[in-house]
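Plus 72 on top of the position in the sequence shown (first one is 1) and you've got my numbering.
Backbone N, C-alpha and C define an ideal beta-carbon position, used for all residues, glycine too.
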Amino acid sequence: VQLVESGGGLVQAGGSLRLSCAASRSIFNINAMGWYRQAPGKQRDLVAEITSGGNTNYADSVKGRFTISRDNAKNKVYLQMNSLKPEDTVVYYCAAAPRGWFDHWGQGTQVTVSS
């Protein structure tokens, strides 16, 4: 499955952005979809994930601020990001886990939060 992110950009601290991820095929049966982020020189970390059954999991640093959702009919996954902080400034990647682990990635979208 190919993944294409959109929705990144520049926003002031405290603002909001919604990232979108479009999949090249149906995501209905994909075990989990997720969002990761990666700062330069650092490992890629999980931000949020959502299972095919709708269960969600979030990194502690974004709990209460970010919300992941999926629209199986549109083959899309979203990440609503509120109360953004400068430390949220990184590249965000959409990911798919069709075989139970995240091994399909998008090209990434840059999010920049100014203070």
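Starting from residue i, follow the beta strand (DSSP E) in both directions and report where the run begins and ends.
{"i": "F138", "result": "138 to 143"}
{"i": "Y129", "result": "What sits at residue 129 in the sequence shown is Asn, not Tyr. Taken as a continuous stretch (DSSP letters only), the beta strand (DSSP E) holding N129 covers 128 to 130."}
{"i": "W107", "result": "104 to 110"}
Please classify residue i as buried or exposed, where buried requires at least 16 other C-beta atoms within 10 Å of its C-beta.
{"i": "R97", "result": "exposed"}
{"i": "V73", "result": "exposed"}
Please identify the residue among the options whose C-alpha is closest to the C-alpha of residue i.
{"i": "L151", "options": "T184, C166, N144", "result": "C166"}
{"i": "K157", "options": "K114, S186, N144", "result": "S186"}
{"i": "N82", "options": "R171, V163, G125", "result": "One detail in the question is off: residue 82 reads as Leu in this sequence, not Asn. Of the listed residues, the one whose Cα sits closest to L82 is V163."}
{"i": "F174", "options": "R116, A131, S133", "result": "R116"}
{"i": "N154", "options": "F100, F138, G113, Y108", "result": "F138"}
{"i": "G178", "options": "N101, F100, R109", "result": "R109"}
Within the same chain, show all residues whose beta-carbon is closer than 6 Å to that of residue i, passing over the 5 residues directly before and after it, in chain order.
{"i": "E121", "result": "A104, G106, N129"}
Compute the minimum distance between the beta carbon of residue i and the heavy atoms of the ligand SAH, and state whether it is under 8 Å.
{"i": "S155", "result": "The ligand content of the structure shown is nil, which means the ligand SAH is not present either."}
List the whole-angstrom C-beta distance separating residue i from residue j, where the pair is believed to meet the contact cut-off of C-beta under 8 Å.
{"i": "S92", "j": "E77", "result": "7 Å"}
{"i": "N127", "j": "A94", "result": "Rounded, the Cβ-Cβ distance is 22 Å, inconsistent with contact."}
{"i": "G86", "j": "T181", "result": "Not really, about 20 Å apart at Cβ, beyond 8 Å."}
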